[in-house]
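Notes to accompany the following structure.
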Amino acid sequence: MSNLIVVIGATGGQGGGVVDIFLKEPGWKVRGTTRNTSSEKAKALAAKGVEMVSANLNDEESLERAFEGATAIFAFTDYYDTFFDLGPEKSMIMEFEQGKRIARAGEAVCPHLEGKGRIVTHITNEMPDLAAKTTFCVFTIFANNPLLYDIFRPVYVPSAKKYIAMYPVPPSTPYPCVGDHAVNGGIFVRALIKNPPPQGSFVRCNAETLTVDSYLALWGRVTGIAPEEGSIAAVQISPEDYIRLWGHMGAEQASQWRFFHWVAEHGPPKWEGITLVEGMDFLSDEDKKGPLNIEESLKLYDWSSFEKKFTASSSESRFANLKLGSLWKPSKCESLLFFEQERKNTSKFQTHILNVPSSNFELKNVPIVIY
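Residue numbers (the working numbering): 1 to 371.
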């Protein structure tokens, strides 16, 4: 009997990566959800054999229909969908409500669930049985961030004759990168289903770690935008100036960069009751051949849209159109995975859920969250 994975946001990058992986996985069928089954992307997936259905994060009944018969579910919420209209707090509240909806739905059918932020706190405090089975997965920075949102986009300074990118940390700060999320994300998800970590773990899905300055140098060389040595530089500014420059998004990113810098100086944090593990450790020797490193990932993208002399004045908007994904609950599964990730034109964090029955691979399955 075939297993069924339901993929929320199947037409997007992260969801599409999971779809691609499981279309190739023997014994699995794929059902994809979208808010518009008539879109060209949805039709293209249907032509590949994906069962495309309509589902909406705010319509619990549509999610229940989509999850019917699911072995596994991969879903996400998008905090930044309303971030720029409502601000961080109201957006957080909205996502929290969506997350609670998932938790309530998931608790009824799937005893293994994980989430992020307030959702995690809610599960921990209100659903202790579920919390005992939770694993969190952290996806690191996407390789194509400079194409997705301006806060990661180097700016050309004519007087200096070079590109610069401003950060609230030293250029030597670690730059952990998952690589291409559409390729590597699916590889990590599949591995964590087949070979789950101890329940309650935080799993870091990371392909390669450079430093801020070495990433920029590599980016400039691979893209051909700043190939000469010294033609691109990381410029450190104060966190306060960084936040003044980028507003709420700057505050979000500054916290992350300062955390990366702190880890470089002090080592990975140790929190009571939390186990930190590396996603790479759960990949088989064969699986480890699959993830793309940063250079390989950068070569996948079309950088022609990146203006050769891009300056702040040539960008009309820092951030664009953010799409909220959908969240779900499965009908017959034993584990949920939450993922948080970035997609489109901001460092948008998305929550994903993946449900897997413990009978699969003769293992108990793993849920995950990405911050």
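Even glycine gets a Cβ: it sits at the ideal position worked out from N, Cα and C.
Note that this is a predicted model, so its numbers are computed, not measured.
Straight-line Cα distance separating residue 252 from residue 18: 27 Å
Contact test: residue 284 Cβ vs the ligand FMN heavy atom, cutoff 7 Å: Looking at this structure, you won't find the ligand FMN or any other ligand, since it has none at all.
Local Cβ density within 10 Å of residue 331, reported as buried at 16 or more and exposed below that: Note that residue 331 scores 35 on pLDDT, short of 50, meaning its location in the model is unreliable and no value can be drawn from it.
Proximity to residue 291 [Cα-Cα], best of 193, 197, 184: 184
Separation of residue 207 from residue 112, as counted between CA atoms: Reliability fails at residue 112, whose pLDDT of 34 lies under 50, so the model's placement of it is uncertain and the value that follows must be treated cautiously. Roughly 26 Å separates the two Cα atoms.
Per-residue DSSP class, three states only, for residue 156: strand
Coarse secondary structure for residue 281, derived from DSSP in three states: helix
Where the alpha helix (DSSP H) containing residue 228 begins and where it ends: It is not in any alpha helix (DSSP H) - residue 228 carries neither H nor E in the DSSP assignment.
Reduced DSSP category for residue 12 - H, G, I as helix; E, B as strand; rest coil: coil
Within 8 Å, strictly: CB atoms of residue 144 and residue 72: no
Candidates 51, 57, 100, 139: closest to residue 126 by CA position: 100
Sequence-distant residues of the same chain with beta carbon closer than 8 Å to residue 299, five excluded per side: 222
Three-state class that DSSP yields for residue 112 in the structure shown: Interpretation of residue 112 is limited by its pLDDT of 34, a score under 50 that renders its predicted location unreliable; the figure taken from the coordinates is listed afterwards. DSSP places residue 112 in coil when its eight states are reduced to three.
For residue 213 and residue 456, the rounded distance between their alpha carbons: One cannot answer for residue 456 here, as it falls past the ends of the chain, which runs 1 to 371.
Secondary structure, beta strand (DSSP E): runs of 3+ residues fully inside the region 17 to 83: 28 to 34, 51 to 54, 72 to 75
Any 3 or more C-beta pairs closer than 8 Å across the region 174 to 184 and the region 34 to 52: no
Span of the beta strand (DSSP E), counted from its first residue to its last, around residue 208: 208 to 211
Run of the beta strand (DSSP E) containing residue 143, from where it starts to where it stops: Here residue 143 belongs to no beta strand (DSSP E), and DSSP marks it neither H nor E.
Residue 16 versus residue 66: straight-line alpha-carbon distance, rounded: 17 Å
Rounded Cβ spacing between residue 54 and residue 82 (contact assumed at less than 8 Å): Rounded, the Cβ-Cβ distance is 21 Å, inconsistent with contact.
Rounded distance between the beta-carbons of residue 210 and residue 294, thought under 8 Å: 6 Å
Beta-carbon separation (whole angstroms), residue 238 vs residue 168, contact threshold 8 Å: 7 Å
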